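Colleague: For the record, the sequence lines run as chains A and B.
Under the UniProt record's numbering, think of the first position of the first sequence as 1, with each following residue one higher.
Under the UniProt record's numbering, think of the first position of the second sequence as 1, with each following residue one higher.
Submitted below is the structure of interest, expressed as structure tokens.
2 protein chains.
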Amino acid sequence: MLTIKRLAEYVGVTVRAVRHYHQTGLLPEPERDSSGYRRYDAQAIVDLIRIKTMAEAGTPLPRIQELMTADPAHFAEAVAEIDAALERQIDELRQRRTRLADLVGGDRLFLPAEIADYLQQLRELGVSERGVRMERDGWIMLTANYPDTALEWIALKREQLADPAFREFYLTYDRAYDWRPDDPRLDALADVMAERLRQEARATGVETARMTIQETVSKDEQALLATHVSEYSPAWIRLNELLRQRVSA
Amino acid sequence: MLTIKRLAEYVGVTVRAVRHYHQTGLLPEPERDSSGYRRYDAQAIVDLIRIKTMAEAGTPLPRIQELMTADPAHFAEAVAEIDAALERQIDELRQRRTRLADLVGGDRLFLPAEIADYLQQLRELGVSERGVRMERDGWIMLTANYPDTALEWIALKREQLADPAFREFYLTYDRAYDWRPDDPRLDALADVMAERLRQEARATGVETARMTIQETVSKDEQALLATHVSEYSPAWIRLNELLRQRVSA
DNA sequence: TCGAAGGTTGACGCTGGGTCAAGGTCCAGC
DNA sequence: GCTGGACCTTGACCCAGCGTCAACCTTCGA
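This is the structure in structure tokens:
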């Protein structure tokens, strides 16, 4: 006959757990000796090991209680289910490991692969961290609100980025952030931007698919840009003014 | 800008969880709009996904909070730790699957392999379920109290079981359980048992190793047998009497 | 204009025990 | 025979990480 501590130690659970199982009726209370101590027999060991094994496998205690009195066929069936659940858990843990890997370094956790690739291209191009982060945040919001549209649009952006002239322009625009608002280069940049806008307008006039996208997005784009207007530098604000002059003209 | 539900849905957590993170300070409370609704930006999505990823990997929320403001080097180190923990969890789940398999059919979960094998041999020999269970319970208690001794003793038992004459005797003894106490076959059985005891006494007189084991165990054996005396049948009680007559003689 | 859907705070509930507190018992060594 | 330390008893509160009401306010599409 065993005391509660010997039982718990042999099976590998805590004394508190055993008492908890008694309280909930999962493990029957054993006889007491003359001093009121619980005295356990071999069946208690068998029961407790079964309980422990199933509990460790994630089975809720009430479910274990059901199974302790189930016939062998039902029991085997339930164990098979528990085993399948364990297998699923293992698969999930594996997936979590891969996602965890994306935590350190990379936007792959927050964005579809295409967009994360695009951001990576920007970095490799030499775009500032600030610039990349503004892009990233914009794409995140866009993806959260219109995932399909975001994917269509990113395809266009990556096409653009294949053009060396556009890359040149993008870099300049990125650097202009830190210029002084009276920097004369801003005028030249505004010229380039206006020309690009005009070309794009002609292109979208022809290609209806792109037109649709532009229309769908334009409202949100406004909203997205507005989100970050507070982060605009004096140079960019000035650039906006210059641009508006040229476009409205 | 997102409402709490859109945020939660996009990231894949519940609204309640987001609010919980706000309460504990894990995720900063965002600005409210004019009606008091929370409005989330892209950074909230990034933060929440990081939180979710680490939380799913089993990281306690306070620990996550520490890591959210940690520098990249410390963060990467911590993520490596979390990943290692995940790996250990996967290994443990695998082990639990194997132990779970022993739950259905078999005593391997409760007893060392040698003893489980011995019980299996008894079953194959044709010993009654009751008999096997009495043996099992005895071995469990013995193993719980004196694991080393149990292993030494089981070796002897398995040797005995290799002897066809002993197997024959064991089976008869097992079946005698259900005989009537005045069954004349009990006398013959008592003769055989007495003879066996005498032989064993001579053997243990020679082999000191076995002697030691017998001595060590004898007290506990008494206790163990006493445990199950209540389960003795009338025939077995009678057999005990007959045996005592012959041995004391 | 109205009802459904979504937002707000606040409070209690749940699992599976951990961790005191305040005693009563057992046993080994002196 | 006594004492100290390990063990037993019940009872109570505490924890994470949310789930789940309740009671009320706001927004939005038909």
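Don't be surprised by glycine CBs; every beta carbon is placed ideally from N, CA and C.
Since we're looking at a predicted model, the values are computed, not measured.
1. Following the continuous alpha helix (DSSP H) through D102/A, name the residue where it begins and the one where it ends.
2. Tell me the rounded alpha-carbon separation between E129/A and A155/A.
3. Note down, in chain order, every chain A residue with its Cβ under 9 Å from the Cβ of residue 250/B.
4. Do M68/A and D41/B come within 9 Å of each other at the CB atom, strictly closer than that value?
5. By the DSSP assignment, the alpha helix (DSSP H) with M134/A in it spans what residues?
6. Rounded to whole angstroms, what's the CA-CA distance from E124/A to D163/A? Just pull it up for me.
7. Can you name the residues that DSSP bridges to Y40/B?
8. If you drop the 5 nearest sequence neighbours on each side, which residues of the same chain put their C-beta closer than 6 Å to that of P184/A?
9. Pop quiz: A165/A and R246/A are said to be a contact at Cβ under 8 Å. What is the actual Cβ separation, rounded to whole angstroms?
10. Could you tell me whether any Cβ in chain B is nearer than 9 Å to the Cβ of E56/A?
11. Within the same chain, show all residues whose beta-carbon is closer than 7 Å to that of E215/B, passing over the 5 residues directly before and after it, in chain order.
12. What does a CB cutoff of less than 7 Å around M1/A pick up in its chain, not counting 5 residues either side in sequence?
13. Using the C-alpha atoms, what's the distance from P60/B back to P112/B?
14. Which two residues bound the contiguous alpha helix (DSSP H) that contains P62/A?
15. Which same chain residues, not among the five before or five after D83/A, have their C-beta less than 7 Å away from its C-beta?
16. For P184/B, would you say it is in contact with chain A, using Cβ-to-Cβ distances shorter than 9 Å as the test?
17. From the DSSP output, in three-state form, read off R32/B for me.
18. Run the CB neighbour count on K52/B, radius 10 Å, all protein chains shown included, and call it buried at 16 or more, exposed below.
19. Can the beta-carbon of D107/A be found closer than 9 Å to that of Q89/A?
20. Which word fits L239/A, buried or exposed, when buried means at least 16 other C-beta atoms lie within 10 angstroms of its C-beta?
21. Output, in chain order, the set of chain A residues within a Cβ distance shorter than 9 Å of T53/B.
22. Tell me where the alpha helix (DSSP H) around L125/B begins and ends.
23. How many Å lie between A55/A and G131/B at the Cα?
24. For chain A, is any of its Cβ atoms less than 9 Å away from the one on R130/B?
25. At the 9 Å Cβ level, is R6/B part of the contact set with chain A, yes or no?
26. Kindly indicate if chain A contains any beta-carbon less than 9 Å away from that of D148/B.
27. Along the chain, where does the alpha helix (DSSP H) containing D174/A start, and where does it finish?
28. Would you tell me roughly how many angstroms separate the C-alpha atoms of I49/B and V127/A, rounded to the nearest one?
29. Report the neighbours of I115/B on chain A: residues whose CB is nearer than 9 Å to its CB, in chain order.
30. With DSSP collapsed to three states, give me the class of V46/A.
31. Between which two residues does the alpha helix (DSSP H) containing A57/A stretch?
32. Is the shortest distance between the beta-carbon of T14/A and the beta-carbons of chain B less than 9 Å?
33. Considering Cα atoms alone, identify which of L186/B, E200/B, A116/B and A203/B is closest to L242/B.
34. Rounding to the nearest angstrom, what Cα-Cα distance links F75/B and E92/B in this structure?
35. Flag this pair as yes or no: are the beta carbons of A44/B and L27/B separated by less than 9 Å?
Modeller: In brief:
1. P72 to L103
2. 22 Å
3. There is no way to answer for residue 250/B, as the model of chain B reaches only from 1 to 249.
4. no
5. E129 to N145
6. 15 Å
7. L2/B
8. none
9. About 19 Å separates the two Cβ atoms, so there is no contact after all.
10. yes
11. Bear in mind that the predicted position of E215/B carries a pLDDT of just 43, short of 50, making it too unreliable to give a figure here.
12. R39, Y40 and D41
13. 37 Å
14. L61 to M68
15. none
16. no
17. strand
18. buried
19. no
20. buried
21. R96, R99, L100, D102, L103 and L109
22. A113 to L125
23. 30 Å
24. no
25. yes
26. no
27. P164 to A176
28. 25 Å
29. The contacting residues do not exist; I115/B stays about 12 Å from chain A at best.
30. helix
31. Premise fails: A57/A is in no alpha helix (DSSP H) and is neither H nor E.
32. no
33. L186/B
34. 26 Å
35. yes
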